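A.B. asks:
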Amino acid sequence: MFIQTEATPNPATLKFLPGRSVLTDGTLDMPDREHAAQSPLAERLFEISGVGGVFLGSDFVTVTKVSGEWQHLKPAILGAIMEHFMSGAPVVRSAEAAAAAGQDEFFAPEDSETVAAIKELIETRVRPAVANDGGDITFRGFKEGVVYLDMKGACSGCPSSTATLRHGIQNLLRHYVPDVVEVRPM
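Using our numbering, read the sequence shown as starting at -4 and increasing by one per residue.
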């Protein structure tokens, strides 16, 4: 098994591509050890000293470090990912665990057409680009012209996430959806 590694815009996060499907649907963000109970793979990764967060995507795993150097952490992480996939153990304990990552959305019923346009743009233009960087971004709400988004994985805590929100996503949404005034993280 060959696992590729890619840098992300967040220097504390690396993206690991095992060359096979990780999650069949959605994403799963485990920002700390307590959230790892839903994934045997994440539990294995959190056993490595210095690992502070794990994010699972369709075909990648991003790992965020809280201490240590990548040159020391990377071999242990590669070994843990390889051992997990070779063992045949499931990535998540249940389909409900992966689905539980989403939280309730909020918006006024009269904004449903605007929200549908926002979600379409996020799904088709924003999420694929963010996934390339080892993260995910999801719609959380819309109120008084403000779009609220949840940034996960490599995007959470990334130094360039503010620029991504303000200049990239906000400009895109304002261009296509005139009702959008601002974009904010949740």
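Every residue gets a Cβ at the ideal spot worked out from N, C-alpha and C, and that includes glycine. None of these values were measured; they are calculated from a predicted model.
Spatial neighbours of T0 within its chain, please: CB distance less than 8 Å, with the 5 preceding and 5 following residues excluded, ordered by chain position.
C.D. replies: Correct list, in chain order: L9, K10, F11, L12, K69, L73.
A.B. asks: Under 6 Å Cβ to Cβ from E177, same chain only, skipping five residues before and after it: list those, please.
C.D. replies: So the qualifying residues of the chain are V141.
A.B. asks: So is the beta-carbon of F102 under 7 Å away from any non-hydrogen atom of the ligand GDP?
C.D. replies: As far as ligands go, the structure on display features none, and thus does not contain the ligand GDP.
A.B. asks: Does the contact criterion of 3 or more C-beta pairs under 8 Å hold for the stretch 119 to 132 versus the stretch 38 to 54?
C.D. replies: Yes: at least three Cβ pairs fall under 8 Å.
A.B. asks: Do R122 and E100 count as a contact pair if the criterion is CB distance below 8 Å?
C.D. replies: No, Cβ-Cβ distance for E100 and R122 is not below 8 Å.
A.B. asks: For D106, does the three-state DSSP call read helix, strand or coil?
C.D. replies: Helix.
A.B. asks: Give me the Cα-Cα distance between M146 and P4, rounded to the nearest whole angstrom.
C.D. replies: Rounded to the nearest angstrom, the two C-alpha atoms are 13 Å apart.
A.B. asks: Do you know whose CA, among P85, G48, Y171, lies nearest R28's CA?
C.D. replies: Among P85, G48, Y171, the Cα nearest to that of R28 belongs to G48.
A.B. asks: For the alpha helix (DSSP H) holding Q66, just list the boundary residues, first then last.
C.D. replies: Start and end: 65 to 82.
A.B. asks: Please name the residue, chosen from A111, H79, T133, Y171, that lies closest to M(-4) on a Cα-to-Cα basis.
C.D. replies: Among A111, H79, T133, Y171, the Cα nearest to that of M(-4) is on H79.
A.B. asks: Closest by CA to A37, which one among T119, A2, L168, T57?
C.D. replies: Selected option, being the one with the closest Cα: T57.
A.B. asks: Taking the alpha carbon of M77 as the reference point, which residue from P173, Q66, L144, V17 has its own alpha carbon closest?
C.D. replies: Here the closest residue by C-alpha is V17.
A.B. asks: Under 8 Å by Cβ, that's how I've got A75 and I43 pegged, so tell me the actual separation to the nearest angstrom.
C.D. replies: Sure, about 6 Å apart at Cβ, within 8 Å.
A.B. asks: For A103, I'd like the list of residues in its chain whose CB is within less than 6 Å of its CB, leaving aside the five on either flank, ordered along the chain.
C.D. replies: Closer than 6 Å at Cβ, skipping near neighbours: no residue.
A.B. asks: Taking DSSP's pairing of strands, which residues face T133 in a bridge?
C.D. replies: DSSP, once it has assigned bridges, lists D145 as partnering T133.
A.B. asks: Mapping the DSSP letters down to three states, classify R88 as helix, strand or coil.
C.D. replies: Coil, per DSSP.
A.B. asks: If you check the beta carbons only, do G63 and G45 fall under 8 Å apart?
C.D. replies: Going by C-beta atoms, G63 is nearer than 8 Å to G45.
A.B. asks: In the DSSP assignment, what are the bridge partners of V56?
C.D. replies: DSSP, once it has assigned bridges, lists F11, L51 as partnering V56.
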